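Numbering (this note's numbering), first residue to last: 629 to 1367.
The beta carbon of each residue, even a glycine, is placed where N, CA and C say it ideally should be.
Please read all numbers here as calculations on a predicted model, not as lab measurements.
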RNA sequence: GGGUUUAUAGCUCAGUUUGGUUAGAGCGUUACAUUGACAUUGUAAAGGUCGCAGGUUCGAGCCCUGCUAAACCCACCA
């Protein structure tokens, strides 16, 4: 072993010196590397670590997650388990694409100026750079992962699994190409799933517009008037009963046309006038109503957010421009009754905050009905245990919604959809303005071929004019396969480690990720991909507000590490917190834990300084070779009870409680009571005093190690150098009273 | 509208499968100590109607009901 950088004569514990020393030591010893050999005497414990997005430095959220994951891994190593912590890096899909677009714009380059391949290449380089940073930071915080197995989500081995799943889901009829209303981002120029959108409050106007002679409709979107295909009223609404199932003549700036009036329970009698215009082509709610009443679907807005050619006067105008102009025109025609100010929420793109334009479009979908049902059963039967339990209810609530998952994205950064069209595909519109996708128009039979590799000819007609799908897969389609896709990438790992022991992640991505990982696992292997789900809360500032760049209330974890050390920061994430609860982090909290680190250092220092070298004191390695002197010592007996208690708390994921009790025990029992009690005796080299204090110290280092890996390992090495313990690393040991 | 959570000292939080003496900790505040393993320390003190109102009970911070306030999630917002 290298010369120790730091001795027991140093009063103040210098965390960064010790951290880099220990880090090198761990790397040299290759302590956390794994293999596919199954040892039947050992339990297997595995966590596939949630991969951070390779588009920025790690933030507090990542570090807090790693604190929990590493804690569990190290704890199970000390139980004697065969532990795998498998690290990875996420290409981050649309998130990274948007971040990198901003990078490009700094160089005055627009994304669509580059080819897809060129964009992909540059974004890949950008990601590689970030991945290196992330990796360094992961090592810095003491993550005991097997870095020789670090894997990127765009790795070819991952791609193989993802494509296999896509193809088999297509063959099973779960994945299909379909037309429906989807969330469209006019800036990203892509379809988005519901979870990729969020709601934003917006000040807008409610326009009251005359429809026919008697009816007035209140709408925020007058520009979609041209695409109306019905009016709807509540069947219980006495005011409008007589109009139901009639047709009224509607005058508009684009001419006069007839609209049916339908009865619909979903219409709120108290909103506006109680008359709703139905625009199935541009509103998800209206789309559903349209399906129920078999209404035609008209489209007036294109993918750029501009009015399309079905409008004569507004063609080419952006939505807002068209809205203002049509309002002017309606006013001139005497059709505008009044305008009210309104604050309502609108869906926006989760990434770039552009207002979503609901559009009718052909996309790839995954039917989830059956899989969701099975997933609910798995949760209800506790095939998978969610901690905290109440989050399971949230999950089930989300799973009962029947929406299919829109898998295709019109983006550059990600896996291409493995689909091909014999003779290509075209979008045409029929006489009613309905969009129809036609296949095989440019010389082919129109067969859709779904397979991993590019086909050289059509398996149906033998044609060679094969056109590849240009869309890419939603990044969540691949990341929800992460638990098995990673393990399948290394021979024997899947067999040994699947299903994994725990999925540990933030409570905020339970729908995005956790729910759909379970769904995919159930599809692929008929079983849940992990046995337990542990969800940690979000880190907030002292006022309980979410940290964000724009608010400027964020804490840089690496600044805190420089100031107080990794151990203090990591302890602050778990200290006195309960599972799934958000926790407030601030400087004084971390500082308090730094003081605890220093207390541990000084107490250990005192013991080590006063141990007689000639006495050749050794500490028992397990309960059976414990000396009777220690075994019967009342202070040791009490400690032993405490030790069992902490181990039990860890098993129950009660890390907050355990950390609190360890703090309390070490500071106020070990230091304040026991050291004081044995102080004089120890200086007289009394064997019982030395053995009791040492045995407790050694065991306590093991107990605390998952929570504070650096200082405990360093003290352990000092004990090893003094021949007090026989292994040179805590990671090679087991808890004292585990046989 | 549906679901979930929280409310305990100035601040941040504990208060435990199971209700039980005088409700605890850290930070902060105040006083004192200091060549001592540790001033990143020690000893002590002040500080609480346990959100409000009922109920169950010999006994409620804990269980039940209602209310108030705050936060989060889902749906909708024409």
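For residue i, the three-state DSSP class (helix, strand or coil)
| i | result |
| --- | --- |
| residue 935 | strand |
| residue 780 | strand |
| residue 684 | coil |
| residue 1183 | coil |
| residue 701 | helix |
| residue 1164 | strand |
| residue 1070 | coil |
| residue 888 | strand |
| residue 1089 | coil |
| residue 825 | strand |
| residue 1259 | helix |
| residue 1058 | coil |
| residue 1350 | coil |
| residue 1174 | strand |
| residue 1288 | helix |
| residue 1360 | helix |
| residue 1341 | helix |
| residue 717 | strand |
| residue 769 | coil |
| residue 882 | coil |
| residue 1065 | strand |
| residue 691 | helix |
| residue 1207 | coil |
| residue 1239 | coil |
| residue 904 | strand |
| residue 1323 | helix |
| residue 631 | coil |
| residue 1377 | Outside the modelled stretch of the chain, which goes from 629 to 1367, sits residue 1377, for which no answer is possible. |
Residues bridged to residue i [DSSP beta-bridge criterion]
| i | result |
| --- | --- |
| residue 812 | 819, 985 |
| residue 1229 | According to DSSP, which records beta bridges pairwise, residue 1229 is partnered with nothing at all. |
| residue 1033 | 994 |
| residue 712 | 674 |
| residue 1013 | 1160 |
| residue 805 | 992 |
| residue 832 | 970 |
| residue 847 | 835 |
| residue 1077 | 1048 |
| residue 1101 | 1036 |
Classification of residue i by the beta-carbon crowding that lies within 10 angstroms, buried from 16 upward
| i | result |
| --- | --- |
| residue 1064 | exposed |
| residue 1317 | buried |
| residue 710 | buried |
| residue 1300 | exposed |
| residue 1123 | exposed |
| residue 847 | buried |
| residue 1367 | Residue confidence for residue 1367 is low, a pLDDT of 49 falling below 50, so the modelled location carries little weight and cannot support an answer. |
| residue 1111 | buried |
| residue 774 | buried |
| residue 777 | buried |
| residue 1036 | buried |
| residue 993 | buried |
| residue 1265 | exposed |
| residue 870 | exposed |
| residue 969 | exposed |
| residue 899 | exposed |
| residue 896 | exposed |
| residue 1054 | exposed |
| residue 972 | exposed |
Anticipated Cβ contact below 8 Å, residue i with residue j, distance rounded
| i | j | result |
| --- | --- | --- |
| residue 1185 | residue 688 | 5 Å |
| residue 1377 | residue 1161 | The first residue shown for the chain is 629 and the last is 1367, placing residue 1377 beyond what the model contains. |
| residue 675 | residue 1129 | 6 Å |
| residue 936 | residue 927 | 7 Å |
| residue 1229 | residue 641 | 4 Å |
| residue 1143 | residue 1254 | The pair is not a contact, with the Cβ atoms about 48 Å apart (cut-off 8 Å). |
| residue 1015 | residue 1163 | 7 Å |
Residue i CB to nearest heavy atom of the ligand GDP below 6 Å
| i | result |
| --- | --- |
| residue 1024 | What this structure holds is no ligand at all, so the ligand GDP is not there to describe. |
For the stretch 916–997, which segments carrying the alpha helix (DSSP H) assignment without a break, of at least 4 residues, lie completely within its bounds, in sequence order?
-> 947–960
Quick one: complete alpha helix (DSSP H) runs, 4+ long, within the stretch 633–677?
-> 643–657
Within the stretch 1113–1150, note down every full beta strand (DSSP E) run reaching 3 residues or more, in order along the chain.
-> 1128–1134
At which residue ranges does the stretch 849–879 contain complete beta strand (DSSP E) runs of 3 or more residues, listed in the order of the chain?
-> The DSSP assignment places 858–861 as complete runs of the beta strand (DSSP E) inside the stretch 849–879, in order along the chain (cut-off: 3 residues).
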